Amino acid sequence: MYLEKLLMPINGFFAWLSGIAVAVMMLHVCIDVFAKFVLQSPIPATITVVTYYYMPLLTFLPLAFVQQKRGHISVEVFTSMLSKRIQHHLYFWTILFCVVVLALLARVTFGEAVNKLELGTFRLEQNVRILTWPGQFFPAIGYGLLALLMMLQFIGYLMGKAPIENDSLTGEIDP
Amino acid sequence: MSNGEIGLLGLAVLLSLIALRIPIGIALLGVSFSGIWATIGLNPALGMLRVVPYSFATNWELSSVPMFLFMGFLCYHAGLTRGLFEAAQVWLARLPGGLAIASVFGAAGFAAVTGSSLACAAAMGRMAVPEMMRARYSMALATGTVAAAGTIGALIPPSILFIIYGVIAQEPISQLFLGGAAVGVLTAIAYILTILIWTVVQPDAAPIVIRIYTLREKFNALWGVIPIFLLAGSVFGGLFGGIFTPTEAGAVGSGIAVLIAFFKRTLTWNTFRDSITEAFVTSSALFLIAVGANLLSRFVALSGAGDLLSDIVLGVTNDPFMLMILIVIVYLVLGMFLDPIGAMLITLPVLLPIAEQAQFNLIWFGVIVAKLLEIGMITPPVGLNVFIIKSVVPNSITLTTIFKGVLVFLVADLVVVLLIMLFPEIVLFLPNLMQ
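In structure tokens:
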């Protein structure tokens, strides 16, 4: 928690956006259901908006926020047998592997998003035309930000700014 | 090195990386990409990496996941399910182990509005354990009951495990839900019988509460159950009646839950914000793994490691029952260390092809897998339900006490697994009716 603090505002902003996406998605689908069964006229393109906007947004944009909350699922039972010191060093060196994988993902998904932008991809649902390329940028942004966050965590560690934590396995589960 | 060998090596590297505490999703992505590169070349591997994340996230059926998560978390944070345990407590007060049985009822009811075993266990732990302490129950019985009963949360629909399984195995989610409901109810019955047997063998583990409720009190208690019945009724009525898609059912359910919490005056800004946050944090963490698992299944298929493994396994035994026993053992062992969704997503790319070759019914198979993964929530050393109970009960109760209590319920669980293996109709009866 040293250099990575720099990313907190943007993570917080994306967390807000994702929260709004969940709430708006719920409202949108509820109104669509009401319009479909009561008014006999569904809101056009609900499925497209849900799958091509809300879903990629709330799936990818909070990735770094989740990492800051230590919310990504990993298996601690084997490393917990090692001493706290070794666990600490191991954790930061394995982060490098993650940075490589995520940076590559961000790079290729960004290329794909630019392709789709140039093509101007869209979907037709009930004769309504909805652009689909904007959502293509969410994976690139989400993976890229997570890679950056982990890189900053690693640099903080190299600079000796990452204290050895005393977290226990049983202490931090939140249902 | 042959492609099949690359595949097996990849799986070994994957397990090692996961053991080093690398987030499961990132390990899956890294290994699958490198494996596909080694098998068919860099360009096709990059091509898959380019399209898989986005195309996976834009799946209509998966969009039910954040909706059901939100509904469950809201019910939990706004305390919408309190009435269930209270009513069961009033009605079952005179049974031996009545409070423990009431918490199984409470958990089964809560399960109908949440897909999370942890939330279910935590809610029951908070409500029921203090009551059982007051009544001088054995702490092993009290805490073991709520830890085990929590697992019903992921069996009775809505269940996140079944949505993900349905998308990966391409089986209808509503049929998986129905199969899961049957096993959830069977599990609840097995736990209730376990409690009754426990109290017969060791009567002082659960002293009978001498308090007589009037008929008026009994019927008053039922009022508290109505909101949950209304909520679960509209979600499942719509879903199984073929009116709603899973996403619509989840969204309408969430909407109703918000309204109920509003009218019960338990809807605060913090409750709402926490439920929303947990919904997208859980979805995001889960989809990171799911995208990786999607890439892994491509790698396993392309490298031929899937065929190689199924040849090896089917070479060991041709008998479907023995094969299933092997799979049960694999999941029981994995369940000791991994969380259910991670364990499911890592294993399905390898085990689904085997199950298909053995001509298992994939609805039945999915339900058994879910049941086994939920058993993993209460087996040591990593039993997440046990840990969550530990975090909501007084410090004087040790992890060992809870695990001791859970052990008794594990016996009941193994009987349930054996029953659904021997009589697949238990699982398939309801889904077949729907067809």
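Keeping their order, the protein sequence lines are chains A and B. All residue numbers for the first sequence refer to this note's numbering, where the first residue is 1319 and numbers rise by one. All residue numbers for the second sequence refer to this note's numbering, where the first residue is 3 and numbers rise by one. Heads up, the beta-carbon is just placed ideally off N, CA and C, and yes, glycines get one too. Everything numeric in this text was worked out from a predicted model, so none of it was measured.
- Chain B places no beta carbon closer than 9 angstroms to that of Ile1404 of chain A, leaving this residue out of the contacts.
- From the listed residues B:Asn61, B:Ser105 and B:Ala104, the smallest Cα separation to Ala292 of chain B is found for B:Asn61.
- In the DSSP assignment, Leu1442 of chain A falls within the unbroken beta strand (DSSP E) covering Phe1440 to Glu1443.
- Interface residue (Cβ-Cβ distance to chain B less than 9 angstroms): Ile1365 of chain A is classified as such.
- Relative to Leu64 of chain B, the option among A:Thr1369, A:Ser1336, A:Ala1363 and A:Arg1425 whose CA is nearest is A:Thr1369.
- In this structure, Ala208 of chain B lies near Thr201 of chain B, with their beta-carbon atoms less than 9 angstroms apart.
- Looking at the DSSP output, Ile1448 of chain A sits in a beta bridge with A:Arg1441.
- In the three-state scheme derived from DSSP, where H, G and I count as helix and E and B as strand, Glu1394 of chain A is classed as coil.
- At a cut-off of 9 angstroms, the C-beta of Ser65 of chain B has a neighbouring C-beta in chain A.
- Distances from the CA of Leu10 of chain B to each of B:Ala251, B:Ser398, B:Ser312 and B:Ala59 were compared; the closest alpha carbon is that of B:Ser312.
- Closer than 7 angstroms at the C-beta level to chain B, one finds these residues of the region 1382-1405 of chain A: Val1384, Lys1387, Gly1389, His1390, Ile1391, Ser1392, Val1393, Glu1394, Val1395, Phe1396 and Thr1397.
- Assigned with DSSP and collapsed to three states, Asn1329 of chain A falls in helix.
- Residue environment: Leu1442 of chain A is assigned as exposed (fewer than 16 neighbouring CB atoms within 10 Å of its CB, all protein chains considered).
- Around Val254 of chain B, the same chain offers Ser236, Val237, Gly240 and Phe246 as residues with beta carbons nearer than 8 angstroms, after the five sequence neighbours per side are excluded.
- According to the DSSP assignment, Ile390 of chain B belongs to the alpha helix (DSSP H) that extends over Leu386 to Val394.
- Interface annotation, Phe1456 of chain A: in contact with chain B, CB-CB separation under 9 angstroms.
- Bounds of the alpha helix (DSSP H) holding Ile422 of chain B are Leu401 to Leu424.
- When DSSP assignments are scanned along the region 316-358 of chain B, no uninterrupted stretch of beta strand (DSSP E) that is 3 or more residues long falls wholly within it.
- Counting only runs of 4+ residues, the alpha helix (DSSP H) found wholly inside the region 104-182 of chain B occupies 119-136, 141-152 and 162-171, in chain order.
- Identification of residues in the region 1323-1347 of chain A having a C-beta nearer than 9 angstroms to some C-beta of chain B yields Ala1333, Ser1336, Gly1337, Ile1338, Ala1339, Val1340, Ala1341, Met1343, Met1344, Leu1345, His1346 and Val1347, given in sequence order.
- The C-alpha of Met129 of chain B lies about 36 angstroms from the C-alpha of Lys1402 of chain A.
- Residue range Pro248 to Phe265 is occupied by the alpha helix (DSSP H) that includes Gly252 of chain B.
- If you draw a 10 Å sphere on the C-beta of Asn1329 of chain A, you find 16 or more other C-beta atoms in it, and that means buried.
- Using a Cβ distance threshold of 9 angstroms, Tyr139 of chain B and Leu101 of chain B count as a contacting pair.
- With 16 or more neighbouring CB atoms inside 10 Å of its own CB, Asp1350 of chain A falls in the buried class.
- Assigned with DSSP and collapsed to three states, Thr1369 of chain A falls in helix.
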